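Numbering (the working numbering), first residue to last: 24 to 700. Ideal placement from N, C-alpha and C gives every residue a C-beta, glycine not left out. Bear in mind the structure is a predicted one, so any value in this text is a computation, not a measurement. Note sheet for the following structure.
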């Protein structure tokens with residue numbers, strides 16, 4: 024008797040990710056949470072087995088050992104029913120779980136699971152495909168998932184196999200010719216760093232980073248990568264580097280000796296920094312980590328706001344290189360060795376702290392740590408009322424600065440201080456709005472608007488609240504979240520006018536300038552952003568928006584440098600996708616459309632929920648002649664934004680100064696099959 028269990032979902036609607044952890048999204052966009060861990064692992068096992076499936080008896084015995092045949096088979100049936108509960112039958116099946124009396128298998132479209140796409144992309148020799156696959160590899164199969172000991176034999180071999188494929192791929196990417204482009208290099212670098220994060224002794228990843236440093240002209244950095252590799256191998260495995268790694272290092276050492284012979288003064292040159300090449304090597308670098316909130320869960324936003332202000336104050340001290348808050352906060356909620364933070368963010372110092380608020384009482388403890396030696400250089404405790412918060416923030420920034428760099432002038436620190444809002448309640452509403460401002464969705468943006476309106480109702484002269492409100496209204500228009508974009512743009516302009524004098528607040532200046540830029544007023548927007556960067560040269564958001572202004576003014580060459588600076592300042596920014604798409608836009612406008620396509624693919628692989636990415640991929644793929652990808656991206660865009668039309672998109676005012684490019688984009692979107700009106 025044939026047994027058949029069918030699970031149906033619409034083609035292209037489900038994303039199944041096993042690389043870097045289990046993440047399944049259902050047809051209606053929900054994050055799937057199976058009823059039991061065994062159900063989730065069974066689903067993963069079927070994905071990894073592919074069409075060949077698994078022996079039913081083997082699954083029952085392997086997943087539920089020691090229960091007896093009848094009980095283990097019943098447990099298997101229950102787990103399959105759990106999977107079916109999430110994917111009820113409806114319409115034509117794009118995925119199905121089928122079986123007979125002996126086997127059970129999962130079949131689906133070739134693009135449903137990351138491991139399947141990964142396998143297909145690495146099978147060829149196209150660098151763009153390899154770069155795309157690199158973006159899919161977020162880590163080991165089921166990384167971070169708790170796997171019972173008796174199931175390690177099921178998943179262990181898959182973890183080893185995919186890790187080995189990733190190591191082979193990072194090597195292939197690093198050996199690609201220079202004409203493969205910047206997107207290839209970026210994909211290779213990020214994959215190498217992910218591989219080393221899980222296994223510091225992965226020599227192929229070390230070699231890949233060495234080659235990237237060499238390609239950038241940083242031979243000293245490449246040699247330091249080799250020294251790091253050798254030290255890690257000796258420490259963890261008690262072995263020496265492979266012959267291939269040694270040969271690469273020897274070629275560098277020979278080149279170095281040759282250069283020294285050619286020019287004696289070369290021996291006196293200091294080594295170039297490994298990371299953040301855009302800043303002087305002797306410039307103090309610091310990251311302010313998320314403070315641990317010792318109060319109630321409702322105070323989480325308040326603790327984050329304190330860190331935001333301390334980071335901003337330090338950023339405005341010109342002698343410092345300060346990592347953006349968005350990158351530092353990627354470590355929030357995790358215990359991470361400060362040496363790892365220093366290595367990954369490229370900083371010398373780390374600021375850590377705790378905060379407790381009880382009623383109107385406030386206690387903040389802060390320490391400054393040397394990221395290389397873990398030495399505590401300075402610590403302090405601040406106690407008072409919530410009304411003292413602004414004084415505390417300024418004092419913390421000043422004392423951290425003095426501990427790192429005693430020569431910093433008092434006047435420079437005074438310049439870093441910002442006039443606080445007149446109302447603590449208004450400030451509180453703005454702090455609550457921040458997470459929603461960066462939520463990347465219409466609903467969170469609308470929530471931010473409501474909170475900012477409450478702040479303005481309490482303090483009508485609060486310039487930052489008005490400026491951030493302008494940004495939110497402009498975002499509603501730019502991302503086509505609003506039914507009537509022009510109405511939102513009108514509100515954005517009005518909010519900028521209402522902000523009044525904001526000349527001492529880089530965040531407010533950046534928000535106002537960004538809003539005006541999206542309203543098409545580039546000449547008026549630029550001075551806001553330039554003033555923000557004059558006050559705060561470490562403001563990654565301002566650098567990114569400065570890049571977009573250059574795009575909108577048809578100055579793609581300037582844009583690339585600005586986006587590069589933004590990514591250097593905030594290498595792990597949750598909004599890095601926006602910086603990367605900006606860089607890709609600049610590449611596309613200067614003729615490197617295939618590189619732009621590769622970046623868009625990587626962004627989608629890492630962030631499938633970023634709808635604007637599909638719009639870019641549709642246009643650039645059509646420009647490059649890949650209509651299959653263009654039409655796929657167009658379908659994904661319409662699934663998320665059914666009311667999208669080319670006419671509506673083209674009417675956005677930021678196209679004002681680049682009509683020729685806009686016409687080219689319109690032609691490409693038509694080729695992709697998007698509706699004109």
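So, for residue i: in the same chain, excluding its five sequence neighbours on each side, which residues have a beta-carbon less than 8 Å away from its beta-carbon?
i	result
residue 82	65, 68, 99 and 127
residue 354	312, 313 and 364
residue 622	206, 209, 603, 604, 606, 607 and 610
residue 685	673 and 678
Taking 8 Å as the threshold (C-beta atoms), are residue j and residue i in contact?
i	j	result
residue 154	residue 506	no
residue 489	residue 449	no
residue 562	residue 529	yes
residue 141	residue 105	no
residue 1	residue 378	Nothing about residue 1 can be read from this structure; the chain reaches only from 24 to 700.
residue 573	residue 582	yes
residue 41	residue 174	no
residue 328	residue 168	no
residue 754	residue 230	In the structure as shown, the chain starts at 24 and stops at 700, and residue 754 therefore has no counterpart that could be examined.
residue 555	residue 592	no
residue 325	residue 447	no
residue 375	residue 390	yes
residue 620	residue 650	no
residue 501	residue 475	no
residue 380	residue 409	yes
residue 515	residue 542	yes
residue 79	residue 125	yes
residue 267	residue 336	no
residue 397	residue 362	yes
Would you mind sorting residue i into buried or exposed? The rule is 16 or more other CB atoms within 10 Å of its CB.
i	result
residue 198	exposed
residue 162	buried
residue 101	exposed
residue 269	exposed
residue 259	exposed
residue 700	exposed
residue 558	buried
residue 172	exposed
residue 384	exposed
residue 133	exposed
residue 349	buried
residue 293	Low confidence applies to residue 293: its pLDDT is 33, below 50, so where it sits in the model is not reliable, and the reading given next is rough at best. Result: exposed.
residue 7	Residue 7 is absent from the structure shown; the chain starts at 24 and stops at 700.
residue 560	buried
residue 76	buried
residue 400	exposed
residue 273	exposed
residue 281	Unreliable placement is indicated for residue 281, whose pLDDT of 42 sits below 50; the coordinate value is still reported in the next sentence. Flag for residue 281 reads exposed.
residue 158	buried
residue 688	buried
residue 536	buried
residue 59	exposed
Excluding the five sequence neighbours on either side, which residues of its own chain have a C-beta within less than 6 Å of the C-beta of residue i, listed in chain order?
i	result
residue 136	39 and 70
residue 310	346, 351, 368, 370 and 373
residue 577	680 and 681
residue 567	589 and 602
residue 486	522, 523, 525 and 531
residue 571	605
residue 47	39 and 55
residue 549	572
residue 94	none
Whose C-beta lies closer than 7 Å to the C-beta of residue i among residues of the same chain, with five residues either side of it excluded?
i	result
residue 97	none
residue 189	160, 214 and 218
residue 145	153, 156, 188 and 192
residue 616	643, 646 and 647
residue 634	660, 663 and 664
residue 262	256
Is the CB of residue i under 8 Å away from at least one CB in chain D?
i	result
residue 508	The chain inventory of the structure shown lacks chain D, comprising one protein chain alone.
Does the beta-carbon of residue i, which I'm using as the reference point, lie nearer than 7 Å to any heavy atom of the ligand NAD?
i	result
residue 604	Only the bare structure without any ligand can be found here, which leaves the ligand NAD out of the picture.
Task: Contact between the segment 597-617 and the segment 662-673 (3+ Cβ pairs under 8 Å) - done: Counting Cβ pairs under 8 Å, fewer than three are found: no touch.
TODO: Decide yes or no for the touch test of the segment 667-687 against the segment 482-498: beta carbon pairs closer than 8 Å, at least 3 of them.
DONE: no
- [ ] Take every Cβ of the segment 687-695, pair it with every Cβ of the segment 630-649, and state whether three or more of those distances are shorter than 8 Å.
- [x] yes
- [ ] Identify every run of the alpha helix (DSSP H) within the segment 544-581, keeping only runs that are complete inside it and at least 4 residues long; order them along the chain.
- [x] 545-558 and 563-575
Open item on the list: Runs of 4 residues minimum, wholly inside the segment 142-203: which ones carry the alpha helix (DSSP H) assignment?
Closed with: 150-159 and 175-197
- [ ] Return the chain-ordered ranges of every alpha helix (DSSP H) run that is complete within the segment 334-399 and spans a minimum of 4 residues.
- [x] 348-351 and 361-368
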